[in-house]
Amino acid sequence: MHTTVGIKHKSNILSLVVDLFTRKELKQAGFTFSNTQYTTAKKKASQENFSLCDYQRHRPLSKAATSTEVKALVIKYLYNNSRDSCATIVDSSLANEATTSMEYSSSAVYYLEIPKRDIYKKLQADYPDLKLCLSKFYKLCPKNFKKAHKKTDMCQVCIAGKKAERKLQLLLSRANYTIANRKQLEDAVHLYQQHIFFKNRQQQCYKNSINRTTSSSCVVIMDFKENLKIGGGPVETGANFYHKKQVSVLGFAVHYQDNTGTACIRYFDYLSPILSHDSLFIIGCIRKFLAHSFMADFSQVCFWSDSGPHFRSGELMHFIFEQLPQLYDKQFYMNYFVEYHGKNIVDGHFGVLSRWFKEAEAVQDIHTIEDLLRVFQNKAQAQQYHNKTSYLSTEFDLYLRPEARTHIHKLRVENFGSYLCFIRVGNKLFASTLSTLNSIDYAKVSFKIQKVKDNRKTKYAPEYQVIDIDVPIVVGPQSKVTLLNRVKLTHADTLAMKI
Ligand SMILES: [Zn+2]
């Protein structure tokens, strides 16, 4: 048998008998084999590897070609932790069945609800024996699973509404459905359509409001940028990577027309070590912003923001409609985008800031908020020089808030959340569910003013000493013991003597 078998299986056959006889006995019994073949057979016998499979070079699991099952598993985990985009037309399959059977489509776009790293951890916890390293996992993630950057990607109403629409279509295509089921789905679809109506109309109102700006009437969009992390530079050590400090950025984009009737945009960004993105932060920045000489020429200021709780608050309403009219002889408007659809021009500007930050960090250390301020100011100046404009397109300032919190003043309006636009005329407050600026859409709303104690805690980025990050190791641990012992053993008077 050993002599007739193919060369690649000789050691396999030999391995069956190799432990029973000595090398000599085997030779005497008529086996012919080389030394290598004998050693291989011995090895196979000790591993109890008695198979006639073709020889394969041993590869560590992580280097082995990842099977399609692992890839499928990765996709399944990504899929279960993401939403399908409301902007993508997914195939006719129904999302509600996704819980039972996966209907992943490589042409659809999915937005991950949690970071990829966390999905990897879940997968690892469920399959502890699976040999899959994080970098390989990243490689296996298809490109159509994206991080949700824009707030619009995460609009629950749009996502659920699209699902309800598809379910209703499918239900109607089948003969056997209950009236109650149909009614429920129709109601859900109806709500979704109303949401879309307000979203679209309010976006149109926003565009109109920008088109209506003049040299004395401006539109101001305010938004928080995702925090920046300072403390890095061209050479990053492990230590300063973990000691990065966050910086808040609140941006104002001002749309207006210059004296020649040309539409212009200018940005004002406030950098702060304060991490509590509350109404007090916004109020402090609006104060600084309106005090800027550039804002002096406007008699009408139309604020726009998303419906985040720090913007949509009685506190901000009080500031805009009670306090600002006492400080400035201007007409103020407050407008809100429909929930989760506040994506606006500031997002694009924030992208520029992130790029400037990355570019600067690659060539210099940015340790303090003042460093960051200078970096941005230099970038803006370079841009002005490059574009040959007569003014800086972006101005930067710090917001530090030296004063302590005392009280919160609130202007409370009934059904506040339902309105998207507010204007104060004299002592009356008018509100509308759309920013049409058409008087028939506006109703007088009653309001109450409240004063409560401000018990909120201001959250700051933790302080750390930049120079202390990398403490030079003067002596090693063993030498340290020796040295300290030496100190102990030395007379105090001697130690007190100057070298
Ligand atoms: Zn939506």
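Under the numbering used here, think of the first position of the sequence shown as 33, with each following residue one higher.
From the three backbone atoms N, C-alpha and C, an ideal C-beta is built for every residue, glycine too.
query, result
"Residues near I455 by beta carbon distance below 6 Å, same chain, minus five either side", "Y365, F462"
"Three-state secondary structure assigned by DSSP to I146", "coil"
"Pocket of ligand 1 defined by Cβ to heavy atom distance under 6 Å", "C187, V189, C190, H227, K231, Y372, H373"
"Exposed unless 16 or more other CB atoms sit within 10 angstroms - verdict on H222", "exposed"
"Option in S337, R444, K199, A394 with minimal Cα separation from V370", "S337"
"Residues bridged to T426 (per DSSP)", "Y299"
"Counted within 10 angstroms of its Cβ, other Cβ atoms place L303 as buried (16 or more) or exposed", "buried"
"Reduced DSSP category for Q332 - H, G, I as helix; E, B as strand; rest coil", "strand"
"Segments of 3+ residues assigned as beta strand (DSSP E) that fall wholly inside the segment 376-458", "426-430, 439-445, 453-457"
"Short Cβ contact (8 Å threshold) for K257 with V281", "yes"
"Under 8 Å between C-beta atoms of Y368 and L322", "no"
"V189, DSSP secondary structure in three states", "helix"
"Secondary structure of S167, DSSP reduced to three states", "helix"
"CB contact flag (G374, S345, <8 Å)", "no"
"DSSP state of Y209 mapped onto helix, strand, coil", "coil"
"Cβ shell of L466 (< 8 Å), same chain only, five flanking positions each side left out", "F230, R233, Q234, C237, L452, C453, D473"
"Whole-angstrom distance between D403 and K411, CA atom to CA atom", "12 Å"
"Beta-carbon spacing of I481, E354 below 8 Å", "yes"
"Under 8 Å between C-beta atoms of R444 and D310", "no"
"DSSP bridge partner residues for N367 (one or two, in chain order)", "W336, C453"
"DSSP state of L359 mapped onto helix, strand, coil", "helix"
"Among Y492, P434, A285, the one whose alpha carbon lies nearest that of E427", "A285"
"Separation of F300 from Q416, as counted between CA atoms", "15 Å"
"Nearest residue (CA-CA) to K148, options L307, F177, Y492, A196", "F177"
"Residue of V407, E446, D379, Y372 minimising C-alpha distance to M349", "E446"
"Contact under 8 Å by Cβ, Y288 with S325", "no"
"Paired residues, beta bridge with K277 - DSSP", "I262"
"For K460 and K195, the rounded distance between their alpha carbons", "43 Å"
"Pairwise C-alpha distance: N240 and T292", "20 Å"
"Beta-bridge pairing of L348 - partner residues as DSSP gives them", "Paired residues: none, contrary to the question."
"Neighbourhood of S425 by C-beta, 8 Å cutoff - its chain only, sequence neighbours within 5 removed", "I297, R298, Y299, A412, Q415, Q416, N419"
"Coil, strand or helix - A493 by DSSP", "coil"
"Inter-residue Cα distance where the pair is K103 and K199", "29 Å"
"Where L155 falls: helix, strand or coil (DSSP)", "helix"
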